[in-house]
Amino acid sequence: MKFFVEITPGQVLQLIEEQIQRVDQKIDALLLVGGFAGSEYLKQRIKERFSSRIRVIARPADADTATLRGAARYGLARRPLVSSIIAPRSYIMKVKLPAEQEDWLKRPAYIKSNDAGVPICENRLQYLVSKGAILRKGQRLTTKFCKFSQTNQDSTFIATLFTSDSEKIMRYTDEGETTELCKWTVNLSSLPTFQQNAAVPQLNGFYTGVDFFFYLFEAYELT
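Counted the way my numbering counts, the sequence shown spans residues 1 to 223.
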């Protein structure tokens with residue numbers, strides 16, 4: 001019995017450690033399920049080892065049959081059982097927006113006038129989804145952008161998508177650590193609204209609105 005208690009939990013701890021290293025990102029919760037998860041000794045050993053890195057370590061009341069019931073439900077339903085997901089991090093776009101009073105107070109160096117003479121605050125952040133947000137699985141995320149063009153040749157801009165593991169909602173790019181995920185060139189020349197505005201001479205330039213759509217494939221799943 002001593003062999004069972006001392007060695008087997010050690011193997012479980014090692015397996016958990018290996019999985020944590022593979023994930024290579026912050027883990028918010030660890031749920032203990034399966035027959036051996038009912039061991040209070042094992043639960044205590046896991047908490048001693050990982051509680052400093054994982055905030056929530058919990059064991060459902062029906063831990064011994066959770067995986068069996070989940071498999072049975074999935075087989076009987078004949079359809080996906082996951083209806084909601086949790087965003088594991090924030091997804092953010094870097095944007096330029098008309099300067100507000102807060103920008104004049106906090107980041108006056110970021111404010112410049114565009115060709116139309118409108119004060120614009122650069123290095124602003126616009127959130128597509130914040131960390132921990134609960135979304136419907138397959139939900140489309142929509143955000144609106146507005147491009148200022150001085151002439152009909154000025155039809156492109158660079159869109160940059162960032163991620164952040166911080167739970168803080170940031171307004172500016174210098175408020176916390178962000179990681180550039182990707183960037184792409186957007187060309188508005190084929191949009192009817194751009195073509196209509198470009199066809200009419202405008203001394204102060206014109207704005208073209210565009211909607212971006214995103215789908216979140218990396219997430220924690222909820223039933």
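The beta-carbon is built from N, C-alpha and C at its ideal position, and this holds for glycine as well.
A Cβ-Cβ contact shorter than 8 Å links I85 with K137. Beyond the five residues adjoining it in sequence on each side, V95 comes within less than 6 Å, by CB distance, of R124 and Q126 in the same chain, given in chain order. Here F206 has S149 and N197 as same chain residues with Cβ atoms under 7 Å from its own Cβ, once five neighbours each way along the sequence are excluded. According to the DSSP assignment, G209 belongs to the beta strand (DSSP E) that extends over F206 to Y215.
For T185, the pairing in a beta bridge is given by DSSP as I158.
With respect to the C-alpha of E48, the residue from E17, N152 and P60 having the closest C-alpha is E17. Annotation note: the stretch 2-56 contains the following uninterrupted alpha helix (DSSP H) runs of length 4 or greater, listed N- to C-terminal: 2-23 and 40-50.
Shown here, A58 sits in a strand according to DSSP, grouped into three states. Closest option to L216, judged by alpha-carbon separation, among L188, Q202, V129 and K147: V129. When rounded, the separation of the alpha-carbon atoms in L31 and D211 is 39 Å.
Of the residues assessed, C121 falls on the buried side of the cut-off, its CB having 16 or more other CB atoms within 10 angstroms. Classified as exposed, T193 has fewer than 16 neighbouring CB atoms from the shown chains inside 10 Å of its CB.
The three-state reading of DSSP puts N114 in coil, since its state is none of H, G, I, E or B. Straight through space, the alpha carbons of K26 and V33 are spaced by roughly 21 Å. Below 8 Å, too few C-beta pairs join the stretch 39-47 and the stretch 173-180 to call them touching: fewer than three. DSSP places N123 inside the beta strand (DSSP E), whose first and last residues are P119 to V129. In the displayed model, K106 falls within a helix according to three-state DSSP.
Contact between the stretch 164-174 and the stretch 88-108 is present: 3 or more CB-CB pairs across the two stretches fall below 8 Å. In the three-state reduction of the DSSP assignment, P201 falls in the coil class. Following the DSSP letters along the chain, one finds M170 in no beta strand (DSSP E), marked with neither H nor E.
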